[in-house]
Structure formats: C-alpha cells, structure tokens
Amino acid sequence: MAMGHPVETCPTIGLNVKLVKKGGVQMKCWDIGGQAQYRSEWGRYTRGCDVIIYVVDANALHRLLEDRFHLTVLYVLAMCLSSELATTPLLVLANKIDLEPHISEPELIRELNLDYIVDNPWLVIPISALRLVNIDQVIQWLMKQSGKG
C-alpha cells in the first residue's frame, strides 16, 4: 500500500517498520503480526503512537469473533499500559472487499462492537489493498489525524 501500486503480500511475521511520506506528512508505520506469538507485544508498540490501524480480512467471516476478541484485548491491554491510548484514533481497515462474500461496513461495526468505543475517534474503511480500492481515503484520514490534512 505504501508503494502506491498493488503489491502481492503475505501476512506479517514478526514486525516490519516502514517510513512513508505523503503530502508533507511523514509516517512511521509499525506492522505487527497478528499471530498468537506476536499479539502479546501489541501493547508495547501502541504506546506513543498517533493512530492504531487494525486490519480485518473482510472475506474471512469465520474469524470475526476472533477479531473482536483481539481488538478488545488490544484496547484493554494498551489502556492498562498507557492512559494516552484512551484517546488514540482507531482506523479499522476491512481488507479484501474485492472478494465475495465480504462483510459490509455496518455488519463489521456491529460484529467488532465498535459502537462501544466512545472515547476514541474511530472509522471503518472497506479496502482492497491489492486493487488499491479506497487507499486514498485511508491516506487522507491519516493525514487529517496528523493535523496536516
């Protein structure tokens, strides 16, 4: 996504850090794997961040309960470690909307219990990272959160 053109990817194993520049905004992106052995590190990497981006496979409807659980754990763990996360914006990316079936935005909001997040600004953006669908919207939102959009 950061390259500006479609790139075939596989799930992150461990941690990747990338510097992305767009429109006078420089973003340091920490991509942390979602596998069980890396989830315990999520709280450590959310301290001091400006935005949390949580990516959900919109085509993997069978994993929504697990996604809800991990998002809840992330927020509970991170808020215990750092009260500043209580107001950190959350961007949920519903990836793979180019595949059918995929969950709709209202269904995802309901399934992840996002309406219960009241102290943090949050947004769901349905995307296809592979086909670059709505990627400009993601970048605009990130720039807005930085105060320079």
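Numbering (this note's numbering), first residue to last: 30 to 178.
Just so you know, even glycine gets a beta-carbon here, dropped at the ideal spot from N, CA and C.
Predicted model only: the values in this text are computed from it and were never measured.
Closest Cα partner of residue i within the set the options
i    : options              : result
D60  : Q66, E70, N45, R73   : N45
V147 : L137, Y104, L90, V54 : Y104
A65  : M172, F98, D127      : F98
A158 : E95, S175, T116, N88 : N88
For residue i, three-class secondary structure by DSSP
i    : result
A123 : strand
S157 : strand
M30  : Since pLDDT at M30 reaches only 48, below the 50 mark, its modelled position is unreliable, and the value read off the structure follows with that caveat. If DSSP states are grouped into helix, strand and coil, M30 belongs with coil.
Close Cβ partners of residue i (< 6 Å) along its chain, the five nearest in sequence each way excluded
i   : result
L93 : E140
Cα-Cα separation, residue i to residue j
i    : j    : result
L119 : E129 : 26 Å
L137 : I164 : 18 Å
P150 : V121 : 11 Å
M56  : V80  : 10 Å
K50  : S133 : 30 Å
Residue range of the unbroken beta strand (DSSP E) whose run includes residue i
i   : result
D86 : 81–86
I61 : 54–61
N-terminal and C-terminal residue of the alpha helix (DSSP H) that residue i is part of
i    : result
D165 : 164–175
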